[in-house]
Amino acid sequence: MLTPRYDDDPDVYGAAVRDMADCALQAARSMGWAPSALLPVSKPAPRDS
Numbered sequence: 002m003l004t005p006r007y008d009d010d011p012d013v014y015g016a017a018v019r020d021m022a023d024c025a026l027q028a029a030r031s032m033g034w035a036p037s038a039l040l041p042v043s044k045p046a047p048r049d050s
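So this is what it looks like as structure tokens:
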């Protein structure tokens, strides 16, 4: 299998990234994962007073 080089064309690269993200989102939804299980929850950085 040949893999095209997406880094030669930013538009093609962006489309490939969107396609992969859509596939990942569709898989996560079909598996019934909660959004909180997909994204880490971080606390804000402490502020210097």
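Numbering (our numbering), first residue to last: 2 to 50. The C-beta atom is built at its ideal place from N, Cα and C for all residues, glycine as well.
Mapping the DSSP letters down to three states, classify A37 as helix, strand or coil. Translated into positions along the sequence shown, residue 37 becomes position 36. Checking the sequence shown, residue 37 turns out to be Ser, not Ala. DSSP places S37 within a helical segment (H, G or I) once states are collapsed to three.
Check whether the Cβ atoms of A29 and L39 lie closer than 7 Å to each other. Stepping through the sequence shown from its first residue, residue 29 is reached at position 28. Stepping through the sequence shown from its first residue, residue 39 is reached at position 38. Result yes, Cβ atoms of A29 and L39 sit closer than 7 Å.
Output the distance between the C-alpha atoms of A35 and R48, rounded to the nearest integer angstrom. Here the question's residue 35 lines up with position 34 in the sequence shown. Here the question's residue 48 lines up with position 47 in the sequence shown. Answer to the nearest angstrom: the Cα atoms are 31 Å apart.
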